[in-house]
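Down below is the structure, laid out as structure tokens.
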Amino acid sequence: MCFESVRMSISPALRASFAVLLALVSLTGCHRKPKDGVALVGVAVFDGVSPYLKRDMVIVVRKDTIAAIGTRSSVAIPKDVPVIDMQGKYVIPGLIDGHVHVQPWTLNRFVAEGVTAVRDVHGQLDTIMHLREQAQLNSYLSPRIYAAGAMIDGVPATYADAFAVKDGPEARKAVDRLAVLGVDYLKVYTNVDEPLLRAVLDEAKTFGLKVSAHLPINSARCGRSEPMCGRPTPMARFCCSCRLKPLMTKLLIKQLESRMRKPWAKRFWTDWNSSGWY
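Just so we're aligned: 260 in my numbering is position 263 of the sequence shown, and the numbers increase by one with no gaps anywhere.
Next comes the structure, spelled out in structure tokens:
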């Protein structure tokens, strides 16, 4: 019997019943409730609070939230979540990279290395704000982005994509534009002098924005010159004249000296000491 004769032999009522049954099967498949969590069992946890590694722990995750974490005896594993054996595996808190210049190709690499939040200190304004927006919408795999947008610099600006301001009113306008775009904080660079800095700080208060500044370590020590370009740094002269100079200098130099004890840095440390930069 050919297909056409079989098709014709099926009554309209029977065809309608098949159609309804097919629709019900389709709806059941499309609306199957997905698993909204997972239980990680036997994992070793470093929580960043305790100095000790906590072994044989259980972590229950619901959607994007850790619902429970503790020992096997203290955490009840829900019956509706899959269980993954994590013996020999480790879990740590998400890492934060506090100084980055984000590019689209870097985002999934951050996540792959355990970095779940980044602080972008300067970038092409339209690009970084678009990347941050897309990250917030979960358009692609990305860490959480905190962005300063384009930094504010004096004239001439060190980088072409920075805001180059020559006086207080221009500095305030730059702050206004960045605030309207929704930056998370402001970044000023080394050619900003004291009057410009005061204007930025005052305008930033209006929007509740914090201000971050680039200040070379040797300039913090004496305010004489910046080794990267060899010219005086107005920001350093201003900051080193404040009451925080002794404490800031002590902390910065102590940190630098501890790093300079490493073999790879001995030559640089010797050259830096004999250069007269400080």
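The beta carbon of each residue, even a glycine, is placed where N, CA and C say it ideally should be. Here the structure is a predicted model, which is why all the values come from computation and not from measurement.
Would you mind reading off the limits of the alpha helix (DSSP H) that contains residue i?
i: His127; result: Leu122 to Gln133
i: Gly165; result: Gly165 to Leu178
i: Lys202; result: Glu191 to Phe204
i: Val162; result: Element bounds for Val162: n/a, residue is neither H nor E.
i: Leu138; result: Looking at the DSSP string, Leu138 is not in any alpha helix (DSSP H), and its letter there is neither H nor E.
i: Leu104; result: Leu104 to Ala109
What does DSSP give as the partner residue(s) for residue i in the beta ladder?
i: Val118; result: Val118 is not bridged to any residue.
i: Leu37; result: Ile56 and Ile81
i: Asp94; result: Val115
i: Gly209; result: The amino acid at residue 209 is misidentified as Gly; the sequence shows Ser. Paired residue(s): Lys184.
i: Tyr87; result: Ala41
i: Asp150; result: Ala161
i: Lys51; result: Val42
Measuring CB to CB, does residue i end up less than 9 Å from residue j?
i: Ala114; j: Arg141; result: yes
i: Met83; j: Leu37; result: yes
i: Leu175; j: Ala147; result: yes
i: Asp33; j: Val80; result: no
i: Ala182; j: Thr155; result: Residue identity differs from the one stated: residue 182 is Tyr in this sequence, not Ala. The answer is no: Cβ separation not under 9 Å.
i: Val162; j: Ile125; result: no
i: His276; j: Ala145; result: Given a span of -2 to 275 for the chain in the structure shown, any question on residue 276 remains unanswerable.
Kindly indicate the opening and closing residues of the beta strand (DSSP E) around residue i.
i: Ala65; result: Thr62 to Thr68
Thinking C-alpha only, which one of the options is nearest residue i?
i: Gly45; options: Ile89, Val99 and Ala176; result: Ile89
i: Leu198; options: Ser136, Ile149, Pro153 and Leu50; result: Ile149
i: Glu130; options: Tyr143, Tyr87 and Arg52; result: Tyr143
i: Thr62; options: Gly91, Ala41, Arg69 and Arg116; result: Gly91
i: Ser70; options: Tyr87, Lys60, Asp164 and Arg52; result: Arg52
i: Arg106; options: Leu138, His211 and Lys207; result: Leu138
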